[in-house]
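See structure below.
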Amino acid sequence: MAIRVFLTLLLFLSSAIVSFSLYEDQAGLTDWHQRYIGKVKHAVFHTQKTGRKRVIVSTEENVVASLDLRHGEIFWRHVLGTKDAIDGVGIALGKYVITLSSEGSALRAWNLPDGQMVWETSLHTAQHSKSLLSVPINLKVDKDYPIIVFGGGYLHAVSAIDGEVLWKKDFTVEGFEVQRVLQPPGSSIIYVLGFINLSEAVVYQIDSKSGEVVAQKSMVFPGGFSGEISSVSSDKVVVLDSTRSILVTIGFIDGGLSFQKTPISDLVEDSGKAEILSALLSNMLAVKVNKRTLFVKVGGEGKLEVVDSLSDETAMSDSLPVADDQEAFASVHHEGSKIHLMVKLVNELDNVLLRETIQMDQHRGRVHKVFMNNYIRTDRSNGFRALIVMEDHSLLLLQQGAIVWSREEGLASVTDVTTAELPLGKDGVSVSKVEHTLFEWLKGHVLKLKGSLLLASPEDVVAIQELRVKSSGKNKLTRDHNGFRKLILALTRPGKLFALHTGDGRIVWSMLLKSPSNSQACERPNGISLYQWQVPHHHAMDENPSVLVVGKCGSDSSAPGVLSFVDVYTGKEISSSDIGHSVVQVMPLPFTDSTEQRLHLIADTVGHVHLYPKTSEALSIFQREFQNVYWYTVEADDGIIRGHVMKGSCSGETADEYCFTTRELWTVVFPSESEKIISTLTRKPNEVVHTQAKVNTDQDLLYKYVSRNLLFVATVSPKGAGEIGSVTPEESSLVVYLIDTITGRILHRLSHQGCQGPVHAVFSENWVVYHYFNLRAHKYEVTVVEIYDQSRAENKNVWKLILGKHNLTAPITSYSRPEVFTKSQSYFFAQSVKTIEVTSTAKGITSKQLLIGTIGDQILALDKRFVDPRRTLNPSQAEKEEGIIPLTDTLPIIPQAYVTHSHKVEGLRGIVTAPSKLESTTHVFAYGVDLFYTRLAPSKTYDSLTDDFSYALLLITIVALVAAIYITWVLSEKKELSEKWR
Amino acid sequence: MAPILRSTSLFALIVCQISLIFLFASTLPISSGSESEESYTITGRVRIPASTVIGHAAKFSSIKVILNGGQHVTFLRPDGYFTLYTTIPSSNNIHKVPAGTHLIEVYAMGYFFSPVRVDVSARHRGKVQATLTETRRSLTELVLEPLRAEQYYEMREPFSVMSIVKSPMGLMVGFMVVVVFLMPKLMENIDPEEMKSAQEQMRSQGVPSLTSLLPASR
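Order-wise, the sequence lines are chains G and U. Following this note's numbering, the numbering of the first sequence begins with 431 at its first residue and continues without gaps. Following this note's numbering, the numbering of the second sequence begins with 127 at its first residue and continues without gaps.
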């Protein structure tokens, strides 16, 4: 009977579908979510009314957001599409936030308090041009408040109330580009100033009621303009000519046009190429010449006069009216770890209203942008607050000599992620703090029991949450036994490296990359990628682990690279070097030297590879393996994949002994008229495969073809390379290849007719899963391809294995022609996908889950069992027992399987998984505009008790059993006694 | 939108009529001024059943409508309407897409929407045809409703005695109770003589073995 009970029990437990699922009160226990907005481009303050003070910002990540000015929290936020870059932002009617995006073709209004979109207007555009948004403050036309928008050759006036186009003016024929829209106060005529082909200045006077041109004046400027412009007053602008050496003041009083030239050499002695800064100052402009910022005052007759000059490192804000018709502006520059903020009056530059020096706790680079806002203090004097954007994209609010709040917006543009271990805990200090007394321990568990039985009151729930966080000790800065505490190293676009704690996502340290040689033109290298440089494992245990940050000076591919080595524990840069050659590809080699520094090869644009670290030991290791180093390059534009092999040392004067030439070994050329490479992918080099064999239901063995040198390539017909729906099914086909990167041999080719990209794929062990669009069904599809080794398929016989007549121990070489066969299957999938990843565990025993980043910015965990080519419509009993799911045409989307549960990782770009020490568990980190981290157990935590495990219930059971034993013993004693008396 | 749906059925009828009028409008090409270029708009509406979830308005403002897997993203107006713009490519405007077959997806936290296949005809003056790709149901009007609501968390089962009894430890306790209290009761019911004979048998065989108890072994 007992056996039967246990059997039913086991059956009951195993029948539960293993999938990621979370109770609501477990949210936030192992996961965290951080919301960011990106580098701020525009900021508009909204502080006039009493109530919440806020600032509306638009960013380089196409985010429009409303931030709390007191704490820097996000009130609301919208992430626009990736191609919908914001050109301008403004506030209309005091209640709508107006954004202009997509080069002046999309105008939207958002409700200021809650961010609900109020109206949206698509404006007609015909050509690429600069776009301009102008929200006049006091322009009123028949109970309507027009917004003037220029973009794509058209000038539109749009009603602020409902987004209706009031009138529009076509300037495409003339090629007129609007530079400024000026509106003299108290008149319905607007002045529209612009250039035709940068050689002719035109000013239109347009009636804002009807859009009719009242007057037009144009004048040709012989030299041509550079396009930079600064409007200094309502009837004057200053522009720069095409040689960047003459400032031209354009006056347009009463419809007339007048030019007045002032060579820059008249203003300063050491003239050079000038640049007009974008700050809007009244009757003044800021010009950058020779790394100096000049303040040039514009006199009444257009006369220019230098009134002040500042160092280049200064950023300044637009001017802002303060009391008594005075205008003030803020200028900020940094010096070491200090920021100097100055607020001056525009008319009297000597009159400094505010001078503050603020100490910063970390290096944030230079000040990029300043936005100033004033408020009236209780003593009726002016107070100023400044929102500054730093070089590392962080956003800070300065007020009263202190940083009120700061936001690390660099984390919205993560480019590469890796993980690192925390330092070991010191002896004598227990890593996880145990509860103080038995009573407290018991109380905690009784609380937990109540929670799991739904008997807990709301206060209890709060107490349980607190207890859980406290008892888990998840936020400590030491390594733990299960490997749950780790550092996530994230490299951001501005070149700042962050170390985040997996426990709560706080920044442990951050470091802004420095240029190795300050004299160079490269001021700040931008980060490209991140590699594990030194992971002490067996030797060199006293050394701290370090990572290699590969950066680049400048944006073009031939720009010289910069290597930086960063200590993971302290966040200090150990060394950095300007390597003097470009970086095309970085290849970590599977060799380490005696201090466990990993050897890396860096390929440059010339076709040479360079070995790092540059030590003789590394060189000798590399020389030994010289013949066995292969690498490949993908030229996606030409449709060529090339395989390379090492040839010899570099010759030439600049070459050193660590530079090698390569020889082309093979090429795969795709026909350019029918195929275009859209995606390539290899396995992760550090992936662990537990077993090479796979046992079928009929006790048959299949050998996985596990090779590190497989490349997955997807090509599509050139017509189908565009967006979905741009081709008919007949015109497009998708072809996928599996190519051996040593020999260039195509191992498998699979063609999908009537399909197109984008292709998102994941490659793990011996399988590839990829997602693409099926034009015939007009649905997304997911296909799985599994590769098996045919040559070892005969090794099934046990006797062969016992007698040693097998080829399992034969060395595997990539030169031999592998006999492989593949199995594949396709399914429909109901969502667009941004990225796909697969979970990775320490030993690779745990079954895998696909992590699918959907277009809704959620991450769906899908069991690999759902994408198994062995699925059939009616699986046999044996197959069912093995866990094969009956075949369905569509992959299921189970809401509980979203690992992000109720969060969205806005602007999702990538997912990174890293194993923990506990085999069942894996770390998952997703980045985009937001960051999200969680810990996953794809087959549930079979190797440890869950947090839910009720110790109290166990204890109660034991006590009850002991009591029962005692009672029955007493009873039986009594009975025995009475029987003996009888 | 929510207040409309919560109101009386009469009002719902009006809403229905409005959407019918709107359907008519959506099938008409909307020319946008310039004669050289025809541009079409796909206008539709997202309707979410009035929910009891608090913070519904906040959710509503973050609903996104996505064209062709991210080519164009738009948001909903307060009344639930959205507009996507497509044009015939006569200019070098990269932001607009040609008439053809498109895919519209709606993303709202807490709801699952089927992607919609939308055919915008260039020949028939921008006529719009819509089909739900999941259910293969063609829509007569572009009113998108969620296929189902999504619950991201497992529901905790309410407390019951059965859940304790069903748990492994509960079963253990139950089994013990059976052995300790019910077995002696069963023993009592056995006829004393039979018991005696059984005991005799046991004594004669020495240690009772499991095989002797099985009927097949006899």
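Using N, Cα and C, we set each Cβ at its ideal position, and we do this for glycine too. Being a predicted model, the structure only gives us computed values, none of them experimental.
How is the beta strand (DSSP E) around residue i delimited, first residue to last?
i, result
"G/M1017", "1015 to 1022"
"G/T547", "Checking the displayed sequence, the identity of residue 547 of chain G turns out to be Met instead of Thr. Run containing G/M547: 547 to 552, per the beta strand (DSSP E) assignment."
"G/P751", "750 to 752"
"G/N541", "536 to 541"
"G/Y1202", "1197 to 1204"
"G/Y1396", "Note, G/Y1396: premise wrong, no beta strand (DSSP E); alpha helix (DSSP H) at 1381 to 1411."
Using a Cβ-Cβ cut-off of 8 Å, state whether residue i counts as contacting chain U.
i, result
"G/Y453", "yes"
"G/G1155", "yes"
"G/K863", "Only weak support is given to the placement of G/K863: the predicted model assigns it a pLDDT of 45, under 50, and the question is left unresolved by the model."
"G/E735", "no"
"G/E550", "yes"
"G/L1391", "yes"
"G/N1283", "This sequence places Gly at residue 1283 of chain G; Asn is not what is there. Closer than 8 Å: no."
"G/A590", "no"
Counting along the chain, where does the alpha helix (DSSP H) carrying residue i start and finish?
i, result
"U/M298", "294 to 303"
"G/R1054", "1046 to 1054"
"G/N803", "Taken as a continuous stretch (DSSP letters only), G/N803 belongs to no alpha helix (DSSP H), being part of the beta strand (DSSP E) at 797 to 806."
"U/M313", "309 to 315"
Is the CB-CB distance between residue i and residue j below 8 Å?
i, j, result
"G/F651", "G/V608", "no"
"G/V1119", "G/V1136", "yes"
"G/F1142", "G/E1211", "no"
"G/Q789", "G/S767", "yes"
"G/T1127", "G/E1336", "no"
"U/V269", "U/R203", "no"
"G/M1289", "G/A1356", "Reading the sequence as shown, one finds Ile at residue 1289 of chain G and not Met. In this structure, G/A1356 lies closer than 8 Å to G/I1289 by Cβ."
"G/E851", "G/P975", "yes"
"U/I174", "U/A234", "yes"
"G/S672", "G/F655", "yes"
"G/V762", "G/T744", "yes"
"G/L1180", "G/V1215", "yes"
"G/S660", "G/L724", "no"
"U/E276", "U/Y237", "yes"
"G/S994", "G/G984", "no"
Would you say the beta carbon of residue i comes nearer than 7 Å to a heavy atom of the ligand PLP?
i, result
"G/S629", "Among the ligands in the structure shown, none appear at all, so the ligand PLP cannot be discussed."
Give a yes or no on whether 8 Å exceeds the smallest Cβ distance from residue i to chain G.
i, result
"U/N218", "Reliability of the predicted coordinates at U/N218 is poor, the pLDDT of 43 falling under 50, and the value obtained from them is presented with this limitation in mind. Yes, because at least one Cβ of chain G sits closer than 8 Å to the Cβ of U/N218."
"U/L149", "Residue placement at U/L149 is poorly supported in this model, since its pLDDT is 36, which falls under 50; the coordinates still yield a value, given next. With 8 Å as the cut-off, U/L149 does not count as an interface residue toward chain G."
"U/S187", "yes"
"U/T169", "no"
"U/I192", "yes"
"U/P204", "yes"
"U/Q327", "no"
"U/G181", "Legend: pLDDT at U/G181 = 49, less than 50; position of this residue unreliable, value from coordinates given subsequently. Closer than 8 Å: no."
"U/S152", "Low per-residue confidence applies at U/S152: pLDDT is 38, beneath 50, and the placement is therefore not dependable enough to give any value."
Just to make sure I have the definition right: I need the residues of chain G whose C-beta is within less than 9 Å of the C-beta of residue i. Which are they?
i, result
"U/V306", "A1394, I1395, I1397, T1398"
Residues of chain U with a CB under 9 Å from the CB of residue i: which are they?
i, result
"G/K1209", "L229, P241, R243, T259, E260"
Can you pull the chain G residues whose beta carbon is under 8 Å from the beta carbon of residue i, in chain order?
i, result
"U/M321", "Near U/M321 there are no residues of chain G at all, since even the closest Cβ is about 14 Å away, more than 8 Å."
Could you work out which residues of chain U lie near residue i, taking near to mean beta carbons separated by less than 8 Å?
i, result
"G/L1384", "M295"
"G/Q1326", "Q277, Y278, Y279, E280"
"G/T1387", "M295, M298, V299"
"G/H1331", "Y278, Y279"
Could you name the residues of chain G that residue i contacts, counting a contact when the two beta carbons are closer than 7 Å?
i, result
"U/V199", "L510, G511, D514"
"U/M302", "L1391, A1394"
* Residues in the segment 510 to 538 of chain G with C-beta within 9 Å of chain U's C-beta atoms, listed in sequence order? -> L510, G511, T512, K513, D514, S532, E533, S535, A536, R538
* Note down, in chain order, all residues in the segment 255 to 287 of chain U with a beta-carbon under 7 Å from any beta-carbon belonging to chain G. => T259, E260, E276, Q277, Y278, Y279, E280, R282, P284, F285
* To do: Taking only beta carbons into account, state which residues of the segment 288 to 299 of chain U come closer than 9 Å to chain G, listed in chain order.
  => S289, I290, K292, S293, P294, M295, G296, L297, M298, V299
* Can you give me, in chain order, the residues of the segment 1333 to 1349 of chain G that have a beta carbon less than 8 Å from any beta carbon in chain U? => K1334
* Residues within the segment 1256 to 1279 of chain G neighbouring chain U, beta-carbon criterion of under 9 Å -> Interface annotation for the segment 1256 to 1279 of chain G against chain U: F1258, A1260, Q1261, S1262, V1263, K1264, criterion Cβ-Cβ distance under 9 Å.
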